[in-house]
Structures are given as structure tokens and as C-alpha cells.
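Protein sequence lines correspond, in order, to chains C and E.
full-length UniProt numbering applies: residue 1 is where the first sequence begins, and numbers increase by one.
full-length UniProt numbering applies: residue 1 is where the second sequence begins, and numbers increase by one.
Yeah, the Cβ is synthetic: ideal placement off N, Cα and C, and Gly gets one too.
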Amino acid sequence: MTIQISGVRKSFKRRGHAPQDVLRGVDLTIRTGEFVSFIGHSGCGKSTLLNIVGGLVKADGGSVAVDGQVVSGPGPDRAMVFQNYSLLPWLSLLKNVRVAVQESRPDWKKARVDEMVERYLTAVSLWEHRNKRPGQVSGGMAQRAAVARAFAVAPRTLLLDEPFGALDALTRSRLQQQLVDLWDSESETETVLMVTHGLDEAILLADRIVVMANLPYPSVRTVIDVPIPRPRHRTTVVHHPAYDAIQKQLVDLLIADNDAERVGAGAG
Amino acid sequence: MTPRDATPSAVASATTRPTEALPALASTTDVTVAGQGRPAPPSWLAVLGARLLAFATAAGWALVGLAVFVALWYFAARGSTTVPGPAEGARTLGDLLSRPFFNETNDKGIGLHLYISLRRVFIGFGLAALVGIALGLIMGAVRPIWSALNPLVQVLRPVSPLAWFPIWLYILQEAAQAAVVVIFITALWPTLINTAAGAGAIPRDQRNVARVFRFGTGAYLWHVLIPNALPHIITGLRLSMGIGWMVIVAVEMLQGNSGIGYFIWNSYNALELDKVVAAIVLIGIIGLVLDTLLLRLSRWVTPEEVHG
């Protein structure tokens, strides 16, 4: 399932400000089975791009096609995990996952629905907490439920918008591992697009890292390959010869962007 | 925990603190733990005592307020032969309540009048709740319908519901039915507007979830729209009931031969202002009871913890 992003443009108008060209003609091809991370400073449009691929936001120009089919709206073939968990607060974790599966896969029989719900709630070790409501569990548990919900609808592509940003370091690394395990397992999910702020997270998880930038640079500054073999582990990945070079490259790019932004702000 | 519970339990923990000093002597490390940690949960007897004390304090001040009011009333009405004082009002209230449901050709007990008025309010309010909630949800959820109806609502809302009375009296030819319709109109706006506001303010996260996972109309209604709108709906219903109960008195004073408003106007015509005073007291108490019931309902349906 190739995702073809071609010439995607998006600008936001704010009252009293010049329109902000957030996405300035993005071209990107994501191959089936790839894990791609998007990194960049706030305002560079990485979340907007993800939302356009997800169909939640309409592009001003250009198109996104999945296996040749132009994306016209959201759907369970591109399930999303949002930054703020986005569970329905009045439903138990079980019902949150169940309702999503039932609604997005109306053709599935009850047995299939039950099996998928149980499989993924178990995979994120929430089965015994399934009857708790989101307000009764920690942020990490809530986000695990959101991850389970996304996997349980059997999406070919998974879109993650800074999914672990609000979590503490320990919980985050545990969830990163669970995410990769689920992706590696026999789940239908092949391709993952993930917006992140974390350099280490991007290197640990991704096959390719898309570095995005604000003006005066083009939206997609560079795409960096991560040639570190899988399975990767966060304690060993840092010893790989390629790790330091990639990290240095990322830091340099992000600092350069930050400096350019400051000069721009000073001039404006 | 409702905020109401906070004060008594704070009082309770303060009363149990002296017993806390004993284990603190055990060791130096325990001193800091006992000093900074949470005190042991107070016994139920202490909680009960503290609650009783808090209740007695509140009740005491309420009595003070009432006494001042009655005293002012007493001095204001002293010497007048037509304006009743507190004693006269209380006596009449007792008389009226001694046989509330008598029913003669030209005269009815006050309980019967109150029952008639309550019935009208409940019918009008019930219909307004049905229409207001349904229409409000649609208005909140569907932008074009909001745009179509909102200007109309904003123009009609500030109109005194009594202004509709002549039209409906002419159409229906019957004061009792026209009164119900006026209550319906009165009670419609707060429920409609609050429901629409609640249904129109669905968090973006939840809307995105519903879109990505392709929620059908039923799932969207039950799991997203109604739970989000519910606290607003209840607020609207409370407001609707409140003004419905106010307006019914005015409507019944205008025309008709039954209901508490009619009773008040009839008493005025017979220059029995003591009966008016008694009616005011009863209307106030019933209004308070109605509001308390709806408040209970709102506490019951509002989820304790809303997350994300």
C-alpha cells in the first residue's frame, strides 16, 4: 500500500496576520511496510500533513493517494492515534475499542469483533483493566487503549500524531516497544506514519525520517534513511555505527531551522 | 466528591487531629511521616458529628435571616387593615392547608388550584423538553440548521411569553389550553438554546475519533453528541422549569377560572391579601422543590470525572 503525496499545499489564515504557508508543495512516496517518522519544529506542518493523509484536513492543493486511490476523507484503513488519547470519557476502555471496531467494520461478525478487541487490549496489557473508564486510569494506560483501538480496526496504515509526547520517559519507552511489537506481529498494519518531537524516538522506530522545516526552507528539508537492522532495542541501538551520524545530522538541521526562525522573527 | 462535602470532612479531620499526636512520638522518621502525611480517616461518628454541626450552623443562620425578614414585614404591615402581617399570613396559610382539596361550585381548595397549575406547567414543560432537546441537538449538530433557526430563536426568545396568550386564546378558545401553550413557549427557549450550545461544542478530538472510525448516526448520537450535551440539557431544563412556574401565575391571572394565578387574582378582587401572601409562600416552596429535584437529576447524570 503505497502512499503517494504529491504537491500538497496548505496555508492557514489568521485574523490580522499574513496567511501562513505551512505546507509548500510536499512530494513524498511512502512504500508499503515502511515506518516513517516526521520531525520538525512546531508550526512546520508535520501534524497538518498527517491529518491530510488521514483525511481530517483538506489540502489547498495537491493530492494524497493510497494505492492509487485519492484520499477524500478519513477512514479505518488509516486509523489514527492522537496526542490527547481521544477516548470517549463516559465509555470503558473496552467499549471505547469495541464501538470503534463495530462502527468502522460493520461487515465483521460479532465473533471477529470480540476477538480483535480482546487481542489488542491484551496485547497492550489492558485486558484486566478493560472495565475502567479513561478517567480512572493513567495517561499511559489511556494512550495504550488508543493504540489498541487503532490496531483493532485492522488498518493497513497507522497514523500517529505525537502519540507519546505527554507521557513520562519510562512509560514512553515501554509504549514505543509495544508499538513496534504490534507492528511486527501478524497485524494487518503494514505502514506507519508517526509525527514526533523526539530525535531518539525517531531513530529508534523509523526506517526513514522526514525532517520538516519552516520558511525559508522547503517544507520537506531532507529525508534521512535509518539503516539500522531490526529488531532494535533502545539500549543497543545507540551503539550502532550509524546512530551518532544520524543524530548529529538531525540536531544540525533542527538547530539551523531554529536559527533561521529567530532571524526571521527578528527581522519581522 | 461534591464541593458540599469538602467542608464537613475538613472539619472532621481537624477534630481528629489531637489523636494523631500519639503515634508521632514513636520514632524520629515517623515524626515527619505523621506530621506531613494524611491523617487517618476520621471515624464515622466524628464525620456524623461534624456534619450535624455544619448543618446546625447553616440552619441557625437561615433562621436568623428569616427572623429579620419577618420582623421587617411585621413593622411594615403594622397598623394597616388591608396589608396582612406575618401572623395573619401564617393563620390564613394554616386555614387554607387545613382543607386543601375541597371542591365546591364557586370555590376550590388551594391544593386543587396548585395541582391544576402544576399539571399545566408539567404538560407544557414536558412538550417543550421533547421539542427543545430534539431540535436543540439537531441545531447544534447540523450547521445549516443552526444558521436557519438561530436568528428566529434570538428574535422570539426575548418576547414575553404572555404576548402569545391572546393569539392562542383566540385560536384555542379556551384559557386552560392556551395557558399550556404559553408555558410550552416559555419553557422551549432555555432548553433549546442550552441543548444547541452543548451539542455544538463537541471537542474536536471526539469529532475526529467519530470521523476516523466512521461512527454511524446512532453511535454518534449515543456516544458523542448526547453525553456531551447532557449537562447543558439539564441546565436548560432547570431554567425552563423555573420560568414556566413563574409564568403560569401570570397567565392564570389574565384569564380563566382555575389555577394558583386565578386564586391570587380572585383573592385580590375580594381584598383578601392574606390569601395572596399564603399563596406566595406556597408557590415559593413548590418552586424550590422543583428546582431541587432537577438539580438532583443533574448531579446524577453528570459524569464525576470528564477526561481528555
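For residue j and residue i, the rounded distance between their alpha carbons
{"i": "Gln173(E)", "j": "Ala128(E)", "result": "21 angstroms"}
{"i": "Ala210(E)", "j": "Leu294(E)", "result": "31 angstroms"}
{"i": "Ala175(E)", "j": "Ala142(C)", "result": "58 angstroms"}
{"i": "Val101(C)", "j": "Leu49(C)", "result": "25 angstroms"}
{"i": "Ile39(C)", "j": "Ser72(C)", "result": "25 angstroms"}
{"i": "Val57(C)", "j": "Gly7(C)", "result": "15 angstroms"}
{"i": "Tyr115(E)", "j": "Gly259(E)", "result": "8 angstroms"}
{"i": "Val237(C)", "j": "Leu204(C)", "result": "7 angstroms"}
{"i": "Pro241(C)", "j": "Pro227(C)", "result": "10 angstroms"}
{"i": "Pro151(E)", "j": "Val180(E)", "result": "25 angstroms"}
{"i": "Ala111(C)", "j": "Arg105(C)", "result": "12 angstroms"}
{"i": "Ser11(C)", "j": "Leu253(C)", "result": "23 angstroms"}
{"i": "residue 311(E)", "j": "Arg51(E)", "result": "This structure cannot speak to residue 311(E), because chain E is shown only from 1 to 308."}
{"i": "Leu297(E)", "j": "Arg238(E)", "result": "10 angstroms"}
{"i": "Glu125(C)", "j": "Asp205(E)", "result": "This sequence places Ser at residue 125(C); Glu is not what is there. In a straight line, the C-alpha of Ser125(C) is about 24 angstroms away from that of Asp205(E)."}
{"i": "Cys44(C)", "j": "Asp21(C)", "result": "9 angstroms"}
{"i": "Ala134(E)", "j": "Ala59(C)", "result": "35 angstroms"}
{"i": "Leu250(C)", "j": "Pro19(C)", "result": "28 angstroms"}
{"i": "Pro218(C)", "j": "Ala256(C)", "result": "13 angstroms"}
{"i": "Trp90(C)", "j": "Gly135(C)", "result": "9 angstroms"}
{"i": "Trp189(E)", "j": "Ser240(E)", "result": "8 angstroms"}
{"i": "Leu230(E)", "j": "Asn194(E)", "result": "10 angstroms"}
{"i": "Ala54(E)", "j": "Pro42(E)", "result": "16 angstroms"}
{"i": "Val223(C)", "j": "Ser37(C)", "result": "10 angstroms"}
Sequence-distant residues of the same chain with beta carbon closer than 7 angstroms to residue i, five excluded per side
{"i": "Gly244(E)", "result": "Val121, Gly124, Phe125, Ile183, Thr186 and Ala187"}
{"i": "Gln255(E)", "result": "Leu169 and Ala175"}
{"i": "Thr171(C)", "result": "Gly140"}
{"i": "Gly33(C)", "result": "Glu190 and Thr191"}
Same chain, Cβ closer than 6 angstroms to residue i, neighbours up to 5 away in sequence not counted
{"i": "Asp225(C)", "result": "Arg208"}
{"i": "Asp77(C)", "result": "Pro155 and Arg156"}
{"i": "Pro100(E)", "result": "Gly109, Ile110 and Gly111"}
{"i": "Ala196(E)", "result": "Gly136, Met139 and Gly140"}
{"i": "Ala21(E)", "result": "With a pLDDT of only 40 at Ala21(E), under 50, the local geometry of the prediction cannot be trusted, and no value is derived from it."}
{"i": "Met80(C)", "result": "Gly54 and Leu159"}
{"i": "His113(E)", "result": "Gly259, Ile260 and Phe263"}
{"i": "Val277(E)", "result": "Pro84 and Gly89"}
Whole-number beta carbon distance between residue j and residue i, since they are thought to touch under 8 angstroms
{"i": "Leu167(C)", "j": "Gly139(C)", "result": "6 angstroms"}
{"i": "Trp183(C)", "j": "Val192(C)", "result": "6 angstroms"}
{"i": "Gly132(E)", "j": "Leu225(E)", "result": "Actually they do not touch by this definition, with Cβ atoms about 15 angstroms apart."}
{"i": "Gly54(C)", "j": "Leu159(C)", "result": "5 angstroms"}
{"i": "Asp161(C)", "j": "Gln83(C)", "result": "5 angstroms"}
{"i": "Gly261(E)", "j": "Ser117(E)", "result": "7 angstroms"}
{"i": "Thr92(E)", "j": "Lys275(E)", "result": "6 angstroms"}
{"i": "His223(E)", "j": "Leu88(C)", "result": "6 angstroms"}
{"i": "Arg133(C)", "j": "Ser92(C)", "result": "6 angstroms"}
{"i": "Phe69(E)", "j": "Glu103(C)", "result": "With a Cβ gap of about 58 angstroms, Phe69(E) and Glu103(C) do not count as contacting."}
{"i": "Ile52(C)", "j": "Leu28(C)", "result": "Actually they do not touch by this definition, with Cβ atoms about 11 angstroms apart."}
{"i": "Thr2(C)", "j": "Asp67(C)", "result": "6 angstroms"}
{"i": "Asn208(E)", "j": "Ser86(C)", "result": "7 angstroms"}
Same chain, Cβ closer than 8 angstroms to residue i, neighbours up to 5 away in sequence not counted
{"i": "Trp127(C)", "result": "Glu118 and Leu121"}
{"i": "Thr82(E)", "result": "Leu271 and Leu273"}
{"i": "Trp300(E)", "result": "none"}
{"i": "Gly85(E)", "result": "Trp73, Tyr74, Ala77 and Arg78"}
{"i": "Ala123(C)", "result": "Ala148, Phe151, Gln178, Asp181, Leu182 and Ser185"}
{"i": "Gln176(C)", "result": "Phe164, Glu201, Leu204, Leu205 and Arg234"}
{"i": "Ala67(E)", "result": "none"}
Within chain B, the residues that residue i reaches when beta carbons sit closer than 8 angstroms
{"i": "Leu88(C)", "result": "No chain B appears in the structure shown, which is made up of the protein chains C and E."}
**Asked** Should the segment 279-293 of chain E be called in touch with the segment 198-214 of chain E, which here means at least 3 C-beta pairs below 8 angstroms?
**Response** Counting Cβ pairs under 8 angstroms, fewer than three are found: no touch.
**Prompt:** When Cβ atoms are compared, which residues of the segment 72-85 of chain C fall closer than 7 angstroms to chain E?
**Reply:** Pro74, Gly75, Pro76, Ala79, Met80, Phe82, Asn84 and Tyr85
**Request:** Please list the residues of the segment 27-40 of chain C that have a C-beta atom closer than 7 angstroms to any C-beta atom in chain E, keeping them in chain order.
**Result:** none
**Message:** Measuring CB atoms only, is the segment 241-248 of chain C touching the segment 193-212 of chain C, in the sense that at least three cross pairs come out at less than 8 angstroms?
**Reply:** yes
**Message:** Beta carbons nearer than 8 angstroms to chain C: which residues of the segment 214-229 of chain E have them?
**Reply:** Listed in sequence order: Arg214, Phe215, Gly216, Ala219, His223, Val224 and Pro227.
**Message:** Whether or not the segment 145-152 of chain C and the segment 91-100 of chain C are in contact is what I'm after, with contact meaning three or more pairs of Cβ atoms, one per stretch, closer than 8 angstroms; do they touch?
**Reply:** yes
**Request:** Name, going along the chain, the residues of the segment 47-58 of chain C whose beta-carbon falls closer than 7 angstroms to a beta-carbon of chain E.
**Result:** Taking 7 angstroms as the Cβ-Cβ cut-off against chain E, the residues of the segment 47-58 of chain C that qualify are Gly54 and Leu56.
**Message:** At a CB distance below 7 angstroms, what residues from the segment 181-211 of chain E approach chain C? Give them in sequence order.
**Reply:** Asp205, Gln206, Asn208, Val209 and Arg211
**Prompt:** Counting pairs of Cβ atoms below 8 angstroms between the segment 243-263 of chain E and the segment 48-63 of chain E, do you hit three or more?
**Reply:** no
**Message:** Counting beta carbon pairs with one atom in the segment 211-231 of chain E and one in the segment 143-160 of chain E, are three or more of them shorter than 8 angstroms?
**Reply:** no
**Asked** Between the segment 167-190 of chain C and chain E, which residues of the former have CB atoms less than 7 angstroms from a CB of the latter, in chain order?
**Response** none
**Asked** Using a beta-carbon distance cut-off of less than 8 angstroms, what residues from the segment 116-148 of chain C approach chain E?
**Response** Arg133, Pro134, Gly135, Gln136 and Ala142
**Message:** What are the residues in the segment 100-114 of chain C lying within 7 angstroms of chain E by C-beta distance?
**Reply:** Ala100, Glu103 and Ser104
**Prompt:** In the segment 200-215 of chain C, which residues sit with their C-beta less than 9 angstroms from some C-beta in chain E, listed in chain order?
**Reply:** none
**Item:** Positions along the segment 148-164 of chain C whose CB lies within less than 9 angstroms of some CB in chain E
**Value:** Listed by position along the chain: Arg149, Ala150, Val153 and Leu159.
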